[in-house]
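A.B. asks:
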Ligand code: ADE
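Numbering (full-length UniProt numbering), first residue to last: 1 to 265.
#1: According to DSSP, is residue 272 part of a helix, a strand, or is it coil?
#2: Less than 8 Å separating the Cβ of residue 37 from some heavy atom of ligand 1?
#3: What is the DSSP secondary structure of residue 235, reduced to helix, strand or coil?
#4: Please output, in chain order, the residues near ligand 1 using a CB cut-off of less than 6 Å to any non-hydrogen atom of the ligand.
#5: Sort 61, 59, 87, 56 by Cα distance to residue 199 and report the nearest one.
#6: Using C-beta distances below 8 Å, list every residue in its chain close to residue 264, excluding the 5 sequence neighbours before and after it, in chain order.
#7: Can you name the residues that DSSP bridges to residue 115?
#8: DSSP puts residue 48 in a beta bridge; with which residues?
#9: Could you give the first and the last residue of the continuous beta strand (DSSP E) run that contains residue 198?
#10: Could you check what DSSP says for residue 81 in three-state terms: helix, strand or coil?
#11: Are the beta-carbon atoms of residue 270 and residue 53 separated by less than 9 Å?
#12: Exposed or buried, which one is residue 266 when buried takes at least 16 other CB atoms within 10 Å?
#13: Starting from residue 215, follow its DSSP beta bridges and name the residues at the other end.
#14: Taking the straight line between their C-alpha atoms, what separation do you get for residue 183 and residue 102?
#15: The alpha helix (DSSP H) that contains residue 87, what's its start and end?
#16: Since residue 134 is in the beta strand (DSSP E), which residue starts that stretch and which ends it?
#17: I need the straight-line Cα distance from residue 260 to residue 70, nearest angstrom please.
#18: DSSP state of residue 24, grouped into three classes?
#19: Given this structure, state the Cα-to-Cα distance separating residue 163 from residue 218, to the nearest angstrom.
#20: Over what stretch of residues does the beta strand (DSSP E) that includes residue 174 continue unbroken?
#21: DSSP three-state call for residue 142: helix, strand or coil?
#22: Report, in whole angstroms, the separation of the C-beta atoms of residue 140 and residue 209, which I expect to be a contact under 8 Å.
#23: For residue 166 versus residue 256, is the C-beta spacing smaller than 9 Å?
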């Protein structure tokens, strides 16, 4: 195989059928929180982009490099310019995904991060999930068809071999801009048979769907949404240990993808 070059110019505009016939060579990982990105940046030996992929005004950060046969880019939305915290949520996730997909034209996108899990659907703290579907739970538009547009429930790409080989749990992911859950969100989440709840997945999916870029979602459970503990407290308590579980799973996912075609996943 030709060596993979670490350059934003290497990606092609070849038709999707052609891409499916060759091994995946470029991978874009979208992560909301810096603490979740740093261990992966170190593991894959990536460098921070000092250049101009993104406009100067934005806090977004790109790390890039080659790992095995893969050209890997990790992007994070960075710290909010006013409040100095990680720019979590759908707006930043969609924007940084849009700019990155446009510039890098990856073969595949992986959105990784932490999530709340529903014990009624079998989730526990520390579990790592691959999402089978993504939807929004806080876009209520009670007008025919707009209601479906708001929820935008979509299946993810099928990855039976990846799921089986890594023994990851699978479940439906639902996205909203709040860490907590109001009763209306809960109603929608239940109706959609959701297992995991995050703040970015469906926004990333919206963008990658626009560009027909295959996308997988790897989410590690920091808190049990239908449990006893307050969500924010449980999330903060478990963040660092669960981030390690997430890191381990993502390395396994990337190792599995290396050398494979989309159709092998
Ligand atoms: N990320 C981690 N826990 C979460 C939760 N309960 N809801 C949304 N995003 C999360």
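The C-beta atom is built at its ideal place from N, Cα and C for all residues, glycine as well.
All figures in this text were calculated on a predicted structure; none of them were measured in a lab.
C.D. replies: Well, looking at it:
#1: Absent from the model: residue 272. The displayed extent of the chain is 1 to 265, so no value can be given.
#2: For the purposes of this step, residue 37 is identified with residue 37 of the chain shown, where counting begins at 1. For ligand 1, not one heavy atom lies less than 8 Å from the Cβ of residue 37.
#3: What you label residue 235 is simply residue 235 of the chain shown in a count that begins at 1. Three-state result, residue 235: helix.
#4: 114, 115, 116, 179, 197, 198, 199, 222, 223, 225, 231, 235
#5: Here residue 199 is taken as the residue at index 199 of the chain shown, counted from 1. Taking only the C-alpha atoms, the option nearest residue 199 is 87.
#6: In the chain shown, counting from the first residue as 1, residue 264 sits at position 264. Counting only Cβ-Cβ distances below 8 Å, and skipping sequence neighbours, we find 161.
#7: Counting from one through the chain shown, the residue named residue 115 turns up at place 115. Its beta-bridge partners are 221.
#8: Indexing the chain shown from 1 puts residue 48 at position 48. Bridge partners of residue 48: 63.
#9: Residue 198 sits at position 198 when you count from the first residue of the chain shown. Residue 198 -> beta strand (DSSP E) spans 196-198.
#10: Here residue 81 refers to the residue found at position 81 when the chain shown is read from its first residue. Correct three-state label for residue 81: coil.
#11: Residue 270 lies beyond the residue range present for the chain, which begins at 1 and ends at 265; the question has no answer from this structure.
#12: The structure shown has nothing for residue 266, since the chain only spans 1 to 265.
#13: The count along the chain shown starts at 1 and reaches residue 215 at position 215. DSSP, once it has assigned bridges, lists 109 as partnering residue 215.
#14: In the chain shown, residue 183 corresponds to position 183, counting from 1. In the chain shown, residue 102 corresponds to position 102, counting from 1. Across the structure, residue 183 and residue 102 are spaced so that their CA atoms are roughly 37 Å apart.
#15: As a working note, residue 87 is residue 87 in the chain shown. Where residue 87 is concerned, there is no enclosing alpha helix (DSSP H), given that its DSSP letter is neither H nor E.
#16: Here the question's residue 134 lines up with position 134 in the chain shown. Note, residue 134: beta strand (DSSP E), 128-136.
#17: Your numbering for residue 260 matches position 260 in the chain shown. Your numbering for residue 70 matches position 70 in the chain shown. Their backbone Cα atoms lie some 10 Å apart in a straight line.
#18: Position 24 of the chain shown, counting from 1, holds the residue named residue 24. Residue state, collapsed to three classes: coil.
#19: What you label residue 163 is simply residue 163 of the chain shown in a count that begins at 1. What you label residue 218 is simply residue 218 of the chain shown in a count that begins at 1. Distance between the alpha carbons of residue 163 and residue 218: 11 Å.
#20: Numbered from its first residue, the chain shown carries residue 174 at position 174. Looking at the DSSP string, the run of the beta strand (DSSP E) that includes residue 174 is 169-175.
#21: For the purposes of this step, residue 142 is taken as residue 142 along the chain shown, with counting starting at 1. Residue state, collapsed to three classes: coil.
#22: Within the chain shown, the letter at position 140 stands for residue 140. Within the chain shown, the letter at position 209 stands for residue 209. That belief does not hold up - the Cβ atoms of residue 140 and residue 209 are roughly 21 Å apart, past 8 Å.
#23: Within the chain shown, residue 166 is the residue found at index 166, counting from 1. Within the chain shown, residue 256 is the residue found at index 256, counting from 1. It is a contact, given that the beta carbons lie within the stated cut-off.
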